[in-house]
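One structure below.
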Amino acid sequence: MEVPSIYLNRVLSEGAKRRAFSLHLTVGNFPIIKVGGEFFKLENENLVTADLLNRIVDFFLSEAEKIRFKQKKEIVLVKELGNLRFRINVFYQKGIPSFSFYFIPKTIRTLQELRLPKILGNLIETNFGLFIIAGHYGSGRTTTASALIEEINRTESKHIITLEKPIENLFVSKSSVVEQREIGKDVNSVLDGLRYCLEEDVDVVYVSEIKKNFSEAIPLILEIASGNALVLLEMNASNTITAIEKFLSTAQGKMSSEISRYALADVLVAVLAQRLFHGRGGNAVVAHELLIANQPVRSLIREGKIYQLESIIQTSRREGMISMKRSIEDLVSMGEIRAEEI
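Structure (structure tokens):
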């Protein structure tokens, strides 16, 4: 009988050795790793059985996590095994537990290593405002947010509070003091965490994607960003325009359309949207769209002419803005990605 700890250590170590993005365990299949955008079966292993998956649940999940998993039928965790760290999705499939392990890099990558626009370093030097990092799940938005936090941590003397569920990347305080709070563990809810930030002497607040109570959170976010601190907010949106539209439409649950537009226009610093591609050689390549809140952008938001923001992006390359279309075209022309990948 396979011992869960030994089994996990073996298959996850193999994934790490092959620089996998993820590893998936489902009943009746070989363990599958994702490398460079392609899936590969670990055919030297036996087929995954229901008994093995249930024993992994018993071994890997705490008693509290088992209760949550039984109640919700799915759970997202971050755990360490040996010297490896993972974001783990545990869910039921055909009545049997399944696992998806996503490898978290050991070190936080810099803005330069991620090849993000240099202007981002200047944008996060502000003392207050709202910076939105958008993208779909798996687009690398948390990696980018971590790079922004680490840049501040390394270069400025700030008090940084993160509100995350779960905590993925671990920060070591450098020039700044970084406090990481996990929703549901260190603070009851994101709303409680935001209220705490309003009463605390904090300079930077990072908020991971808010899946519940977003409309209730928006007034608190806007209040913090209006003078208390710089807020870095993750959102699930495909581009900068969609992110702004989603923010405003959600805000209308708690404030009028006009008030929400004016409030956002007053505090917005920038919106960065990402899309992940698998480049030549299997490396991940990020295309990005950047909208910087200059005066024309603020005016259009106040007037509700969100659809016109795209033209601002297209004509403001000198200011550092770039459209997703142009970013992808640049990557293709440089040979970073193939045209058929688009």
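Just so we're on the same page, my numbering is the position in the sequence shown counted from 1, plus 164. Note that the Cβ used here is the ideal one computed from N, Cα and C, for glycine as well. Predicted model, so just to flag it, every value in this text is computed and none were measured.
1. Pairs of beta-carbons, one from the segment 194-204 and one from the segment 436-447, closer than 8 Å: are there three or more?
2. Are GLY293 and VAL431 touching if we call contact CB-CB under 8 Å?
3. Less than 8 Å between the beta carbons of THR319 and TYR370, yes or no?
4. Using only the alpha-carbon positions, how far apart do GLY468 and VAL395 sit?
5. Could you tell me if LEU189 is buried or exposed, where buried requires 16 or more neighbouring beta carbons within 10 angstroms of its beta carbon?
6. Taking 7 Å as the limit between beta carbons, can you name the residues of its chain near ALA457, skipping five residues before and five after?
7. Output the boundary residues of the alpha helix (DSSP H) element that contains THR181.
8. Taking three-plus beta-carbon pairs below 8 Å as touching, is the segment 330-343 in contact with the segment 298-315?
9. Would ALA415 and ILE465 be called neighbours here (beta carbons separated by less than 8 Å)?
10. Of all the options SER390, ILE408 and VAL175, which has the alpha carbon lying nearest to the alpha carbon of GLY246?
11. Note down, in chain order, each residue of its chain lying with its Cβ closer than 7 Å to the Cβ of LYS329, except the 5 sequence neighbours on either side.
12. So ILE272 packs on GLU244, CB below 8 Å; how close in whole Å?
13. With PHE233 as the anchor, note down where its alpha helix (DSSP H) starts and where it stops.
14. Entirely within the segment 384-454 and at least 4 residues each: give me those alpha helix (DSSP H) ranges in chain order.
15. Could you tell me how far apart the beta carbons of LEU455 and LEU473 are, in whole angstroms, since I believe they sit closer than 8 Å?
16. Is PHE233 near VAL212, with beta carbons less than 8 Å apart?
17. According to DSSP, what are the bridge partners of LYS198?
18. May I ask you to list the residues that DSSP assigns as paired with GLY293?
19. Which value, in whole angstroms, describes the spacing of the CA atoms of VAL461 and PHE250?
20. Check each candidate in LEU241, PRO261 and ASP350 and name the one with the smallest Cα separation from ARG217.
21. Return yes when the Cβ of MET485 is within less than 8 Å of the Cβ of ILE492, no when it is not.
22. Going by CA-CA distance only, name the one from ILE296, SER226, LEU206 and SER264 that's closest to ASN403.
23. Should LEU386 be flagged as near chain B, meaning a C-beta pair shorter than 8 Å?
24. Would a C-beta distance cut-off of 8 Å place MET399 and GLU453 closer than the cut-off?
25. Would you mind stating whether VAL366 and ALA393 have Cβ atoms separated by less than 8 Å?
26. Could you round the C-beta distance between SER264 and SER186 to whole angstroms and report it? I think they count as a contact, below 8 Å.
27. Can you tell me whether LYS237 is buried or exposed? The criterion is at least 16 other CB atoms within 10 Å of its CB, across all chains shown.
28. State the CB to CB distance for the pair GLU229 and LEU241, rounded to an integer number of angstroms; the pair is presumed to be in contact (CB under 8 Å).
29. Would you mind stating whether GLY299 and ALA437 have Cβ atoms separated by less than 8 Å?
30. Would you kindly report the start and end of the unbroken alpha helix (DSSP H) that includes PHE224?
Working from what's here:
1. Contact between the segment 194-204 and the segment 436-447 is present, because at least three Cβ pairs lie under 8 Å.
2. To locate residue 293, count along the sequence shown from 1; it is residue 129. To locate residue 431, count along the sequence shown from 1; it is residue 267. It is a contact, given that the beta carbons lie within the stated cut-off.
3. Along the sequence shown, one-based indexing puts residue 319 at 155. Along the sequence shown, one-based indexing puts residue 370 at 206. No Cβ-Cβ contact shorter than 8 Å links THR319 with TYR370.
4. Counted from its first residue, the sequence shown places residue 468 at position 304. Counted from its first residue, the sequence shown places residue 395 at position 231. Approximately 23 Å between the Cα atoms of the pair.
5. Here residue 189 corresponds to residue number 25 of the sequence shown, with the count starting at 1. Its Cβ being crowded by 16 or more others within 10 Å, LEU189 is buried.
6. Here residue 457 corresponds to residue number 293 of the sequence shown, with the count starting at 1. Correct list, in chain order: LEU432, VAL433 and ALA434.
7. For the purposes of this step, residue 181 is taken as the residue at position 17 of the sequence shown. Rather than Thr, the amino acid found at residue 181 in this sequence is Lys. LYS181 -> alpha helix (DSSP H) spans 168-181.
8. Touching, per the Cβ criterion.
9. Residue mapping note: residue 415 aligns to position 251 of the sequence shown, counting from 1. Residue mapping note: residue 465 aligns to position 301 of the sequence shown, counting from 1. Taking a C-beta distance under 8 Å as the contact criterion, ALA415 and ILE465 do not qualify as a contact pair.
10. By one-based count along the sequence shown, residue 246 stands at place 82. Nearest to GLY246 by alpha-carbon distance, out of SER390, ILE408 and VAL175, is VAL175.
11. To locate residue 329, count along the sequence shown from 1; it is residue 165. Excluding residues within five positions, the ones whose Cβ falls inside 7 Å are GLU346, ILE347, GLY348 and SER372.
12. As a first step, residue 272 is located in the sequence shown; it is residue number 108 there, counting from the start. As a first step, residue 244 is located in the sequence shown; it is residue number 80 there, counting from the start. Not confirmed; about 16 Å, so no contact.
13. The residue you call residue 233 lines up with position 69 of the sequence shown. 227-236 is the extent of the alpha helix (DSSP H) around PHE233.
14. As for any alpha helix (DSSP H) of minimum length 4 sitting wholly inside the segment 384-454, the runs are 404-415 and 421-431, ordered along the chain.
15. Translated into positions along the sequence shown, residue 455 becomes position 291. Translated into positions along the sequence shown, residue 473 becomes position 309. Sure, about 6 Å apart at Cβ, within 8 Å.
16. Sequence index remark: in the sequence shown, residue 233 carries index 69 (1-based). Sequence index remark: in the sequence shown, residue 212 carries index 48 (1-based). For PHE233 and VAL212, no; Cβs fall outside 8 Å.
17. Reading the sequence shown from its first residue, position 34 is the one you call residue 198. In the DSSP assignment, LYS198 is bridged to SER186 and PHE203.
18. Your numbering for residue 293 matches position 129 in the sequence shown. DSSP, once it has assigned bridges, lists LEU394 as partnering GLY293.
19. Indexing the sequence shown from 1 puts residue 461 at position 297. Indexing the sequence shown from 1 puts residue 250 at position 86. Rounded to the nearest angstrom, the two C-alpha atoms are 39 Å apart.
20. The residue labelled residue 217 in the question sits at position 53 within the sequence shown. For the sequence presented, residue 217 should be read as Leu rather than Arg. That would be PRO261, whose Cα lies nearest to the Cα of LEU217.
21. Locating residue 492 in the sequence shown gives position 328, where the first residue counts as 1. Locating residue 485 in the sequence shown gives position 321, where the first residue counts as 1. At least 8 Å separates the beta-carbon of ILE492 from that of MET485.
22. Counted from its first residue, the sequence shown places residue 403 at position 239. Checking every option, the nearest Cα to that of ASN403 belongs to ILE296.
23. In the structure shown, chain B does not exist; there is a single protein chain.
24. Within the sequence shown, numbered from 1, the residue matching residue 399 stands at position 235. Within the sequence shown, numbered from 1, the residue matching residue 453 stands at position 289. A distance of 8 Å or more separates the beta carbons of MET399 and GLU453.
25. Along the sequence shown, read from residue 1 onward, the residue named residue 366 stands at position 202. Along the sequence shown, read from residue 1 onward, the residue named residue 393 stands at position 229. Taking 8 Å as the Cβ cut-off, VAL366 and ALA393 qualify as a contacting pair.
26. The sequence position of residue 264 within the sequence shown is 100, counting from 1. The sequence position of residue 186 within the sequence shown is 22, counting from 1. Contact between SER264 and SER186 holds: their C-beta atoms lie close to 6 Å from each other, under 8 Å.
27. For the purposes of this step, residue 237 is taken as residue 73 along the sequence shown, with counting starting at 1. LYS237 should be labelled exposed.
28. Within the sequence shown, residue 229 is the residue found at index 65, counting from 1. Within the sequence shown, residue 241 is the residue found at index 77, counting from 1. For a cut-off of 8 Å, the C-beta gap from GLU229 to LEU241 is around 7 Å, short enough to register as a contact.
29. Here residue 299 refers to the residue found at position 135 of the sequence shown. Here residue 437 refers to the residue found at position 273 of the sequence shown. Yes, they are a contact pair.
30. Your numbering for residue 224 matches position 60 in the sequence shown. From DSSP, the alpha helix (DSSP H) with PHE224 extends over 214-224.
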